[in-house]
Amino acid sequence: MASRAAGTYPPVPEPLAHPVVDTHTHLDICTGVRLPLGAGEPEPEVTPNEDEEFPSLDFFHDTAAEAGVRRIIQIGCDLPAARWTTELVASEYAAGRTWMLGGAALHPNEAPRLAERGLLDDALNEIEALVTSHDRMRVVGETGLDYFRTGEEGVAEQQRSFRAHIEIAKRTGRALQIHDREAHADVLRILKEEGAPEVTIFHCFSGDEEMARECATEGYYMSFAGNLTFKNADELRRAAAAAPLELLLTETDAPFLTPHRGKPGGPYLTAITARKLAEVRGMSEADLCSAVWANAQRAIGSWD
Ligand SMILES: [Zn+2]
Ligand SMILES: [Zn+2]
């Protein structure tokens, strides 16, 4: 990954005409409290941010506020990150600023690694305990299927973990955030078989127009990230144009998927995606932003 020294971050865009929400971000990775998924040991330890290379939480809060990204959902997608997320959203730091809600799950690439060591069931129990431990934990996610990073050997455990997360979301009344990478058909099928939770969100939506229509029929939210701005993303932009306005959301998946390829990202870059979404939909920035803002509150509840 590119250097994450504060000076290497893209500039903060002009403030949006209306605030928006970053519905999916990984501040644990942005601030360097843990290693990115798949790096190093199977279960990276949480270590304090002693490396000056990583910006602080304040940097991400302040840049987001400056750009008009007034609300975020912090997602912890392995056990250490899920514990960190729960502590953070319950802390005075987060509560005092009313900018952050949280979510936790076992990432589809993490599930087979845990299963291999016989740890998946205990880990699923802990995820359920974490998301119900505080009312600011509103999301079970990201879960789903990733056939890009996990091979054949991991598919069965990935699917088992996805089904278990769907049940957790329904039992706990939380929104479900789905990670779907090259697995559209199986994700849609399993959601149908299990019965989708009331609020189901495709994070970093990557389907085409037809899939957007299918999601619309089921009432699934579609959350768009920085890849919407990529040169070769015409198909994704057609999907964004075809989705019903009331099911659209915005996010960054920071530090990944930044609109500035090769540079690190933070929640503030949601502003760039929101502007692109307005352009794709032929709407004014203010109208688009106020619609996706309202969608986020309807799906997740209040941040205050
Ligand atoms: Zn994801
Ligand atoms: Zn993510």
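With the sequence shown counted from 1, adding 113 to any position gets you our numbering. Glycine is no exception: its CB is placed at the ideal position from the N, C-alpha and C atoms.
- In the DSSP annotation of this structure, the continuous segment of the beta strand (DSSP E) that includes residue 251 starts and ends at 250-259.
- Closest option to residue 291, judged by alpha-carbon separation, among 268, 220 and 246: 220.
- Proximity of the beta carbon of residue 175 to ligand 1 is not indicated: no heavy atom of the ligand is located closer than 7 Å.
- Ranked by how close their Cα comes to the Cα of residue 137, the residues 417, 293 and 337 have 337 in first place.
- Look at residue 286 here: in three-state DSSP terms it is coil, with no helix or strand label.
- Between residue 350 and residue 362, the C-beta spacing is not below 8 Å.
- The residue among 251, 403 and 191 with its C-alpha nearest the C-alpha of residue 228 is 191.
- When secondary structure is reduced to three states using DSSP, residue 336 falls in the strand class.
- According to DSSP, residue 134 shares a beta bridge with 184.
- With 16 or more neighbouring CB atoms inside 10 Å of its own CB, residue 364 falls in the buried class.
- Excluding sequence positions up to five before and after residue 246, its CB lies within less than 8 Å of the CB of 199 and 203, all in the same chain and listed in chain order.
- Its Cα nearest to that of residue 320, the residue 333 stands out among 333, 359 and 310.
- When distances are taken from the beta-carbon of residue 185 to the heavy atoms of ligand 2, even the shortest one reaches 7 Å or more.
- For ligand 1, a non-hydrogen atom lies closer than 7 Å to the CB of residue 292.
- Beta-bridge pairing by DSSP links residue 314 to 290 and 334.
- Listed in chain order, the non-local C-beta contacts of residue 370 below 6 Å within the same chain comprise 338, 339 and 340, local neighbours out to five positions each way being set aside.
- Distances from the CB of residue 317 to the heavy atoms of ligand 1 include at least one below 7 Å.
- Under the three-state reduction of DSSP output, residue 216 falls in the strand class.
- In this structure, ligand 2 has a non-hydrogen atom nearer than 7 Å to the beta-carbon of residue 190.
- Within the same chain, and ignoring the five residues on either side of residue 183 in sequence, the residues whose Cβ sits closer than 6 Å to its Cβ are 132.
- If you check the C-beta of residue 366 against ligand 2, you find a heavy atom less than 7 Å away.
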